[in-house]
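Going down the list, the protein sequences come from chains E and B. Throughout the first sequence, residue numbering follows my numbering, covering 13 to 356 in sequence. Throughout the second sequence, residue numbering follows my numbering, covering 13 to 356 in sequence. Encoded as structure tokens, the structure appears first; notes follow it.
2 protein chains.
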Amino acid sequence: MADNNRTEVSSLGEFGLIDHLTKNNEIRNSSTVVGVGDDGAVIDHFGRQTVVSSDLLIEGIHFDLSYTPLKHLGYKSVIVNLSDIYAMNAVPTQIVLNIAFSNRFSLEALDEFYEGVYAACERYSVDLIGGDTSTSQKGFIISVTAIGEVAPGRFVKRSGARANDLICVSGELGGAFLGLTLLEREKKIFMETGSQPDLEGQAYIVGRLLKPEARKDIVEFFAEAGITPTAMIDVSDGLSSDLLHICKESNAGCVLYEDKLPFNDEMKAFAYKLQIDPTACALSGGEEYELLFTVDQADYEKIRSNPAISIIGYMTGSEEGKKIITRAGNKHDLVAQGWNHLGK
Amino acid sequence: MADNNRTEVSSLGEFGLIDHLTKNNEIRNSSTVVGVGDDGAVIDHFGRQTVVSSDLLIEGIHFDLSYTPLKHLGYKSVIVNLSDIYAMNAVPTQIVLNIAFSNRFSLEALDEFYEGVYAACERYSVDLIGGDTSTSQKGFIISVTAIGEVAPGRFVKRSGARANDLICVSGELGGAFLGLTLLEREKKIFMETGSQPDLEGQAYIVGRLLKPEARKDIVEFFAEAGITPTAMIDVSDGLSSDLLHICKESNAGCVLYEDKLPFNDEMKAFAYKLQIDPTACALSGGEEYELLFTVDQADYEKIRSNPAISIIGYMTGSEEGKKIITRAGNKHDLVAQGWNHLGK
């Protein structure tokens with residue numbers, strides 16, 4: 013926070029603050045009929061179905077401002093919700109953002125946060141259409157609701173996977189978990205010794221945690237290639253936990269191949285340095301915002317043509333259980349060790 | 013909270029908790045295509061425009077659990093958002109609810125909160141279609157997003173009021189403010205002396221604060237009577253502040269008549285007992301969730317036919333300022349003294 017140039021938020025008042033924060037807000041979607049500044053926003057999705065998703069992000073629970081720049085936090089707050097919309101095979105069009113903050117936050121700090129919000133809106137062509145600001149007794153609280161659209165009946169739930177469908181995932185896994193591990197370790201060292209963080213050469217994993225992207229490209233690829241996944245979810249709790257959601261909702265089993273899991277080289281090197289198994293990072297590490305989905309085997313060639321997608325296993329009947337086959341060829345039960353915020 | 017029968021939330025896990033809280037959830041609108049339990053919900057508003065509004069409610073800022081029963085809080089959390097949808101002249105159809113809470117809250121406490129949420133959903137025929145639960149470091153945090161629908165172009169903004177339009181308000185004003193004053197006073201006495209609250213004969217004002225309703229009936233009346241207000245807002249910050257919003261957004265002035273303000277007798281009696289001016293309660297008291305709107309003079313007879321609506325003034329040109337004419341016939345400037353949460 014820029015303490016050398018600090019403007020108290022209270023100097024603007026609530027409505028002045030909203031005016032200030034939204035004065036450069038741009039509208040990009042013709043479906044946005046009424047945006048910020050009224051009791052509600054109005055959206056025109058004639059002939060399309062509307063998809064809605066909402067998340068609450070709380071300082072100290074979902075993020076740590078000691079190593080999260082506010083601009084990145086603003087960006088990520090939007091991304092995590094857009095990711096949910098993409099996970100329905102829909103295209104996000106609008107967001108509503110509410111924030112609450114204590115008097116520890118200056119206007120300059122809020123501006124930084126909104127810079128990230130607007131950067132995400134621009135990159136993903138979504139409109140900020142409403143929201144309010146208020147005080148909190150403690151910390152920073154963010155609520156984002158994302159709205160999107162999908163052609164009638166083309167949305168993809170978690171429940172449509174069938175035996176023999178291919179299990180696919182976008183991008184690479186495990187990076188965000190290691191980024192968190194690294195930042196938490198450096199924070200601890202800093203608090204104990206005052207040493208500045210050593211993030212040398214770790215841009216990839218730190219970026220995976222602090223500045224994730226949503227897989228717009230994958231949903232666009234589905235549309236172009238004429239693929240409709242049978243089930244889809246975004247990887248927010250860890251591959252195991254999220255795949256088990258698909259199995260449960262689809263009443264199906266699965267076989268996952270350890271040697272098919274996609275890893276980044278930098279991520280693997282850092283995992284080995286910390287003596288952590290990269291597979292464990294992928295299975296249990298959340299906040300990846302990759303898309304995990306199942307497709308019919310008939311789509312195999314199409315899927316294979318996209319280098320951003322890995323085929324990591326196949327669905328089975330529910331009686332066959334949920335299994336992972338290790339590099340050594342052993343079969344184990346797949347267990348959820350996701351990021352259960354309630355269990356903390 | 014029922015401490016004699018306390019179930020730790022952690023015994024269910026996050027997903028178990030959501031299952032538990034939503035197991036009796038009913039879907040009432042055919043526009044709800046996919047509800048709770050996926051990455052997003054899907055809504056089908058073909059041929060209608062979608063209206064969205066969202067609010068964040070934080071313990072210690074927006075509500076005080078020492079005198080707010082959790083069931084009432086759940087009910088009110090829904091109402092405040094439905095009220096915003098009605099204030100757009102739209103009909104609410106769905107809500108998304110996120111909550112975060114510390115380990116001070118038992119499963120029984122959350123059940124009470126959800127009882128109120130479901131009661132509001134039932135009364136207003138809206139569907140709960142999504143949301144998540146997480147922990148907070150401190151207190152109870154609620155985020156509600158309400159979604160509604162309106163015939164194309166029939167939504168009402170704050171910005172359409174013109175000179176000579178009638179200013180109207182539903183119901184009665186000032187009660188919620190007095191309810192808050194009473195409960196805060198009794199809380200202070202209890203903390204200082206241990207005396208139990210004396211709410212005898214104050215059911216009306218306490219009810220106005222703790223169990224407000226949204227004015228569904230007024231929006232239904234508009235549809236039946238063929239009235240489209242020129243501007244509308246719900247009274248959440250106080251009549252002055254909210255009317256000044258309409259003036260600002262409509263670039264207009266107004267004249268309000270003190271002797272036209274609608275008061276409840278019980279409210280007036282209590283105000284006089286506390287030596288507070290009922291008019292001040294109406295002008296500055298928020299959280300009324302009445303509808304404040306302007307209509308063309310041609311609608312005068314129709315408006316007059318509805319006993320739940322009071323005509324309290326008229327709009328003027330912006331150069332004439334924003335005025336209130338007192339009972340004594342004096343003209344004063346109308347000033348906002350709304351509930352500015354940031355100013356606290």
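Heads up, the beta-carbon is just placed ideally off N, CA and C, and yes, glycines get one too.
Limits of the unbroken alpha helix (DSSP H) element including residue i
{"i": "B/PRO304", "result": "Per the sequence presented here, residue 304 of chain B reads as Leu, with Pro not at that position. First-last for B/LEU304: 303-307, but that is the beta strand (DSSP E), not the alpha helix (DSSP H)."}
{"i": "B/PRO290", "result": "290-296"}
{"i": "E/MET100", "result": "Where E/MET100 is concerned, there is no enclosing alpha helix (DSSP H), given that its DSSP letter is neither H nor E."}
{"i": "B/GLY219", "result": "215-222"}
{"i": "E/VAL129", "result": "119-135"}
{"i": "E/SER253", "result": "251-262"}
{"i": "B/THR193", "result": "187-205"}
{"i": "B/ASP210", "result": "Unbroken run through B/ASP210: none, as it is neither H nor E."}
Cutoff 9 Å: residue i Cβ touching any chain E Cβ
{"i": "B/VAL45", "result": "yes"}
{"i": "B/ASP76", "result": "no"}
{"i": "B/ARG170", "result": "yes"}
{"i": "B/THR157", "result": "yes"}
{"i": "B/THR19", "result": "no"}
{"i": "B/MET244", "result": "yes"}
{"i": "B/PRO164", "result": "yes"}
{"i": "B/ASN357", "result": "Outside the shown range of chain B, which is 13 to 356, sits residue 357 of chain B, and nothing can be said about it."}
{"i": "B/ILE230", "result": "no"}
{"i": "B/SER207", "result": "no"}
{"i": "B/GLY213", "result": "no"}
Top-ranked residue by Cα proximity to residue i, from the options
{"i": "E/LEU195", "options": "E/THR80, E/GLY47, E/VAL347 and E/SER22", "result": "E/THR80"}
{"i": "B/VAL108", "options": "B/ILE55, B/PHE275 and B/GLU232", "result": "B/ILE55"}
{"i": "E/ASP254", "options": "B/GLU232, B/PHE27, B/PHE58 and B/ASN17", "result": "B/PHE27"}
{"i": "E/SER89", "options": "E/LEU140, E/ASN115, E/ALA294 and E/ASP51", "result": "E/LEU140"}
{"i": "E/GLY325", "options": "E/GLY297, E/VAL267 and E/ALA243", "result": "E/VAL267"}
{"i": "B/THR242", "options": "B/ASP277, B/ALA131, B/GLY47 and B/MET327", "result": "B/MET327"}
{"i": "E/TYR269", "options": "E/LEU211, E/ALA102, E/LYS200 and E/SER322", "result": "E/SER322"}
{"i": "B/SER330", "options": "B/PRO319, B/GLU261 and B/ILE154", "result": "B/GLU261"}
{"i": "E/THR34", "options": "E/LEU85, E/PHE58 and E/CYS133", "result": "E/CYS133"}
{"i": "B/GLY191", "options": "B/SER22, B/GLY297, B/ASN115 and B/PHE167", "result": "B/GLY297"}
{"i": "B/ALA99", "options": "B/PRO164, B/ILE154 and B/THR240", "result": "B/THR240"}
{"i": "B/ARG18", "options": "B/ASN36, B/THR62, B/VAL45 and B/ALA121", "result": "B/ALA121"}
{"i": "B/SER137", "options": "B/ARG316, B/LEU24, B/ILE39 and B/GLU278", "result": "B/ILE39"}
{"i": "B/LYS200", "options": "B/PHE167, B/ARG166, B/ASP76 and B/LEU251", "result": "B/ASP76"}
Extent of the continuous beta strand (DSSP E) run through residue i
{"i": "E/HIS344", "result": "343-345"}
{"i": "B/PHE113", "result": "103-113"}
{"i": "B/LEU68", "result": "61-70"}
{"i": "B/TYR161", "result": "Note that residue 161 of chain B is Glu in the sequence shown, not Tyr. It spans 153-162 - the beta strand (DSSP E) in which B/GLU161 sits, taken as one unbroken run."}
{"i": "E/ASP139", "result": "139-142"}
{"i": "B/ILE337", "result": "334-337"}
{"i": "B/THR147", "result": "145-147"}
{"i": "B/THR44", "result": "44-46"}
Straight-line gap, residue i to residue j (C-alpha atoms, nearest Å)
{"i": "E/GLY341", "j": "E/TYR312", "result": "24 Å"}
{"i": "B/GLU184", "j": "B/GLU302", "result": "8 Å"}
{"i": "E/ILE230", "j": "B/LYS150", "result": "39 Å"}
{"i": "E/LEU221", "j": "E/THR157", "result": "21 Å"}
{"i": "B/GLY52", "j": "E/VAL64", "result": "5 Å"}
{"i": "B/ASN318", "j": "B/ALA175", "result": "23 Å"}
{"i": "E/ILE288", "j": "E/PHE282", "result": "9 Å"}
{"i": "E/PHE125", "j": "B/ASN110", "result": "21 Å"}
{"i": "E/TRP351", "j": "E/VAL247", "result": "The predicted position of E/TRP351 is uncertain, since its pLDDT is 42 and thus under 50; a value taken from the coordinates is nonetheless stated next. The alpha-carbon atoms of E/TRP351 and E/VAL247 are separated by roughly 11 Å."}
{"i": "B/ASP96", "j": "B/PHE233", "result": "17 Å"}
9 Å Cβ cutoff, residue i in contact with chain B
{"i": "E/GLN349", "result": "no"}
{"i": "E/ILE39", "result": "no"}
{"i": "E/PHE27", "result": "yes"}
{"i": "E/SER361", "result": "Here chain E comprises residues numbered 13 to 356, so residue 361 of chain E is not present and cannot be evaluated."}
{"i": "E/ASP55", "result": "The sequence given here places Ile at residue 55 of chain E; Asp does not occur at that position. Yes - at least one Cβ of chain B is within 9 Å of the one on E/ILE55."}
{"i": "E/GLU71", "result": "yes"}
{"i": "E/HIS257", "result": "yes"}
{"i": "E/ASP96", "result": "yes"}
{"i": "E/ILE62", "result": "Correcting the residue identity first, residue 62 of chain E is Thr in this sequence and not Ile. Taking Cβ atoms only, chain B reaches closer than 9 Å to E/THR62, which makes this a yes."}
{"i": "E/GLY49", "result": "yes"}
{"i": "E/LEU68", "result": "yes"}
{"i": "E/GLY143", "result": "yes"}
Residues bridged to residue i [DSSP beta-bridge criterion]
{"i": "B/TYR326", "result": "B/LEU178 and B/VAL267"}
{"i": "E/THR240", "result": "According to DSSP, E/THR240 bridges with nothing at all."}
{"i": "E/ALA53", "result": "B/VAL64"}
{"i": "B/PHE233", "result": "According to DSSP, which records beta bridges pairwise, B/PHE233 is partnered with nothing at all."}
{"i": "B/ILE321", "result": "B/SER182"}
{"i": "E/ASP246", "result": "E/LEU303"}
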